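In what follows, a structure is listed as structure tokens, so that the remarks can point back to it.
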Amino acid sequence: MDNTQRSQAAASWRSDLKLIGAIGLLYAVIQLITLLRIYALYRLDRIQLDLSEAIRDRVVAWVIGFLFIILIVRTTKFLLTRNWSWVRIVPIHLVFSGLISFIWYFSFIKVAEWFCQGEDCGGPGEEFGYWYLVNLDKLFLLYIITVSITYTYYYVRRDDANRVRQSQMETQLLTARMKMLRSQLHPHFLFNTLNSIASLIDINVERAKIMVADLADLLRQVLDGQDRQQVALEEELSLLQRYVDIEKTRFSDDLTIDWEIDDQLLPYRVPAMLLQPLVENAIHHGFSRDHLLLHITIKVEKNGDRLLLTVQDDGQGFSLSPGEDLFSQGTGLANTRDRLQALYNDDYSFTVLPTHPGVASMVDLPLELHREPDAETQLLANDLTV
């Protein structure tokens, strides 16, 4: 048995002990009520009650009952693991309840007689069959209560475990999808940058060397954070600055970029590599024969409890044919939209609008502080072996 199996077995036993302890406590309350009932009846009939003997009998009844509670719980759980139909399980419980009730009451009588130490105690032991039938309904009721509590407990536990497993599967699917989108985005970004370097080599070797060095730094930063889906805005802007340096080296004075960033928003959370494809898209579509100069404004601001990120340019803009989808025009925008949907469901907006001149790409996100996890949290979904 490996460590995982041992952990699951230990968790299963802890679960069983909690249930058995709870039912045992309930049975102790029942015995206490029985003791008080006997005491009250004796007082009403003005009969002297040997209180120590009455307490002893209730303790004996509880100890024997507790042992059978353990047996009933374990048997019921075993039947749950079989996944049998109720048509098969109900007769088993009926037969088992009769057998358990008989052994339960017989054990109580024999232990009570043993405590008499040879004295003539009288009582149920002399007419066992009669008193067994008198108490059969109570014993059967205790059995049904124990079985019902056990079924309820383990069905709730199994339902909780299924929800945890479903949550884990959704998280795993989200992580896999995000990695797929990021893996598509990285080559897309890399190929575009390498094309820029290739086009610059024949024009200015020194500037091409600078771009290669900047690209190496940028890729190092990207790879360092490739397993994180969200980062602090400060880290996102640091990565974007490296990308902007590469593009400014390529376009020189033809490209100007303004930053309008509220420093108080730097600790807040944004998706990793959110802004880079927006800036890349602005550069790619902004320059044209009629637009040899391009000005881009990168703005991050707070709007109530929302974070608004805007990349706006004064380039040539775009025009779409009727029925044409803007997000089908390239990998960057489509992946950005898909990543936002995967991370935030519908709690975001991503719009790309013409501003004449140019285009504005706006992302609206919930305002959340970014906190790096101290350790990987694992959910134990298989702690219930049923």
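To convert, take the position in the sequence shown, counting from 1, and add 430; that gives this note's numbering. Just so it is clear, CB atoms sit at the ideal spot from N, CA and C, and this is done for glycine as well. Keep in mind it's a predicted model, so treat the numbers as computed, not measured.
Exposure of residue i, with buried meaning 16 or more beta-carbon neighbours within 10 Å
i      : result
Leu810 : Confidence at Leu810 is low in this model, with a pLDDT of 34, below 50, so the placement of that residue should be treated as unreliable; the coordinate-derived value is given next. Exposed is the call here.
Ser629 : exposed
Asp475 : exposed
Asp632 : exposed
Gly753 : Confidence at Gly753 is low in this model, with a pLDDT of 49, below 50, so the placement of that residue is unreliable and no value is reported for it.
Pro707 : buried
Phe405 : The question about residue 405 has no answer, for the chain in this structure spans 431 to 816.
Tyr560 : exposed
Trp689 : exposed
Asp777 : exposed
Pro487 : The sequence shown places Asp at residue 487, not Pro. It is buried - the Cβ of Asp487 has at least 16 other Cβ atoms within 10 Å.
Leu471 : exposed
Met439 : Per the sequence shown, residue 439 should be read as Ala rather than Met. The residue is exposed, with fewer than 16 neighbouring Cβ atoms inside 10 Å.
Ala591 : buried
Val586 : exposed
Thr807 : Note on Thr807: pLDDT 36, under 50, position unreliable in the model; no value is reported.
Leu799 : exposed
Trp534 : buried
Gly454 : buried
Val635 : exposed
Ala638 : buried
Arg588 : exposed
Phe498 : buried
Gly734 : exposed
Asp446 : buried
N- and C-terminal bounds of the beta strand (DSSP E) containing residue i
i      : result
Asn775 : Premise fails: Asn775 is in no beta strand (DSSP E) and is neither H nor E.
Asp688 : 685-691
Arg699 : 699-701
Gln651 : Careful: Gln651 lies outside any beta strand (DSSP E), inside the alpha helix (DSSP H) at 635-654.
Helix, strand or coil at residue i [DSSP, three-state]
i      : result
Gly753 : Note that Gly753 has pLDDT 49, beneath the 50 cutoff, so the model's placement of it is unreliable and the number below is only indicative. DSSP places Gly753 in coil when its eight states are reduced to three.
Asp813 : Interpretation of Asp813 is limited by its pLDDT of 40, a score under 50 that renders its predicted location unreliable; the figure taken from the coordinates is listed afterwards. Residue state, collapsed to three classes: coil.
Asp794 : strand
Gln596 : helix
Asp743 : strand
Thr580 : helix
Phe717 : coil
Ile728 : strand
Ala458 : helix
Leu737 : strand
Gln660 : strand
Leu566 : helix
Leu474 : helix
Leu799 : strand
Leu449 : helix
Interface flag, residue i vs chain B, CB-CB below 8 Å
i      : result
Ser531 : The chain labelled as chain B is not found in the depicted structure, where only one protein chain is given.
Limits of the alpha helix (DSSP H) - the one that residue i falls within
i      : result
His523 : 516-545
Thr781 : It is not in any alpha helix (DSSP H) - Thr781 instead sits in the beta strand (DSSP E) that spans 779-784.
Gln405 : Limits of the chain in this structure are 431 at one end and 816 at the other, which puts residue 405 out of reach.
Leu481 : 481-512
8 Å Cβ cutoff met for residue i and residue j
i      : j      : result
Ile468 : Ala484 : yes
Thr766 : Phe780 : yes
Ile450 : Ile500 : yes
Asp744 : His725 : yes
Phe558 : Ile579 : no
Phe570 : Ser537 : no
Leu704 : Glu666 : yes
Thr505 : Phe526 : yes
Gln651 : Leu663 : no
Pro701 : Arg769 : yes
Val674 : Val709 : yes
Lys732 : Asp692 : yes
Ile494 : Val541 : yes
Leu773 : Gln659 : yes
Ile519 : Leu529 : no
Ile502 : Tyr573 : yes
_At least 3 beta-carbon pairs within less than 8 Å: the region 672-680 vs the region 714-722_ = no
*asked:* I want to know whether the region 732-744 touches the region 790-799 - three or more CB-CB distances under 8 Å.
replied: yes
*Tell me, please, whether the region 683-698 touches the region 637-653 by the rule of three or more beta-carbon pairs shorter than 8 Å.*
no
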